[in-house]
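Just so we're aligned: 163 in the numbering used here is position 175 of the sequence shown, and the numbers increase by one with no gaps anywhere.
Shown next, in structure tokens, is the structure this report addresses.
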Amino acid sequence: MLSNKTTEVQNVDDDEFRSLDFRATKKNNFRGNRRKPFKKSPLPPPRTNKMPVDQDWPSVWPVARVFHPASVPLPLHQGWVVPGASPPGKFANAELMKIPNFLHLTPPAIQRQCAALKKFCTEWPKELNSDEKIEKHFPIQIISSDYLHSSPTIRDAKARIVTLQVKLSSLNLDSHAKDKLLRLVKERYNPATDTLTIVSERCPLRKQNYDYAMYLLNVLVSESRKNEPWENEKSEPDMEKYVWEGSQSQLSLQNLLERLPEKDKAPQPEVLEQYAQAVTRFHNEGEDVEKVNEYKESVKKLFGLKA
């Protein structure tokens, strides 16, 4: 029994290992033998050959899409033509497929869409007959942009950006709220036009950016109207601009006028107003010769000095 097993092991050791052949031959390529030859089915004729003359074109091309030569019954061509050669046709023409087309915006299609939307529209209010009235009743202005490319895409990342503009005077803010709002918005406020501009571009959709811009406006207005305890500690150097009412200059002038003799008291209101304007301009607009002379003349009128 043992000798028989030893003989079998020796026979196996003497034999060579079988080689593994990777060559695709008819003998071992069983998968290839089962493959069927590819048979290309004949293409149907273009759709344009069966279109009647009175074809309802908005039903054929209802929305924006890439140019398809078998659906457009027009002899279009696009591309550079070699001198002496015929222009390229519409079939297998990449230039016609790259550019955007307006085949979905034909006059019948626009008329049909306007008729469908007419029942949802209302007449323009007759009372809004001027820009001033429109700005008064609709102070918020929303600006967005649509983009058109010479490519099949109809989307652009910049189309999601929403710009909100509003006049600061239309927010009905007091001096405290306005001062706080200007500190919050910083360079987003244009004092020349009294316009606050908020640009929203964080969200992927335009509707989301619009909601976010309106949310920011509501938060800015509500926060600016709040009066925190630490805000009462604000002094004149912390102000955005110099304000005469309640300033140290006004208090000093009142104390000085109270110490004057009776005959020199109570200057004219226009004299006090002129002095207040001169001091305010001197602080807010800077020091120059004109403002120094204006301040000098207001002081002379205030105290009745002639020289």
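Note that CB positions come from ideal geometry on N, CA and C, so glycine has one too.
Among the residues of its own chain, which have a CB less than 6 Å from the CB of alanine 58, if the five just before and after it don't count?
-> Pro34, Arg35
What three-state label does DSSP hand lysine 166 in the structure shown?
-> helix
Is the beta carbon of valine 259 sitting closer than 8 Å to the one on leucine 293?
-> no
Inter-residue Cα distance where the pair is leucine 159 and valine 209 | 8 Å
Report the rounded CA-to-CA distance for tryptophan 45 versus proline 88, giving the unit in angstroms.
-> 18 Å
Determine which residues share a DSSP beta bridge with asparagine 178 and list them.
-> Thr183
Whole-angstrom C-beta distance between asparagine 81 and glutamine 99, which should lie under 8 Å = Wrong, their Cβ atoms sit about 30 Å apart, outside the cutoff.
C-alpha gap between asparagine 37 and leucine 105, whole angstroms = 34 Å
Between the beta-carbon of valine 154 and the beta-carbon of serine 132, is there less than 8 Å?
-> no
Is leucine 184 near arginine 176, with beta carbons less than 8 Å apart?
-> yes
Leaving aside the five residues before and after leucine 204 along the sequence, list all residues of the same chain whose C-beta is less than 6 Å from its C-beta, in chain order.
-> Ile186
For the candidate residues Glu224, Ile128, Asp144, whose alpha-carbon lies nearest to that of tyrosine 135?
-> Asp144
Measure how close the beta-carbons of leucine 152 and isoleucine 128 come, nearest whole angstrom, since I'm counting them as under 8 Å.
-> 7 Å
Buried versus exposed, by CB contacts within 10 Å (16 or more), alanine 73 = exposed
DSSP bridge partner residues for valine 69 (one or two, in chain order) | Its beta-bridge partners do not exist; DSSP assigns none.
Tell whether a beta-carbon distance below 8 Å holds between lysine 279 and arginine 269.
-> yes
Mind checking who glutamine 153 pairs with in its DSSP beta bridge?
-> Gln129, Thr185
Within 10 angstroms of the Cβ of arginine 148, are there 16 or more other Cβ atoms? Answer buried if so, exposed if not.
-> buried
Rounded separation between leucine 245 and glutamate 115 - CA only | 53 Å
CB lysine 229 to CB asparagine 272, shorter than 8 Å?
-> yes
Taking the continuous alpha helix (DSSP H) assigned at proline 46, which residues delimit it?
-> 45 to 48
Does the Cβ-Cβ distance between leucine 64 and leucine 91 come in under 8 Å?
-> no
Which value, in whole angstroms, describes the spacing of the CA atoms of serine 223 and asparagine 178?
-> 25 Å
Taking Cβ to Cβ, would you say serine 212 is nearer than 8 Å to leucine 156?
-> no
How big is the Cα-Cα spacing for glycine 274 and asparagine 197?
-> 40 Å
When the Cα atoms are used, what is the spatial distance from proline 76 to phenylalanine 26?
-> 31 Å
Buried or exposed for alanine 103, please, with buried defined as at least 16 other CB atoms from any protein chain shown within 10 angstroms of its CB.
-> exposed
Say whether chain C places a C-beta atom closer than 8 Å to the C-beta of leucine 84.
-> Given the protein chain composition of this structure (a single chain), no chain C is represented.
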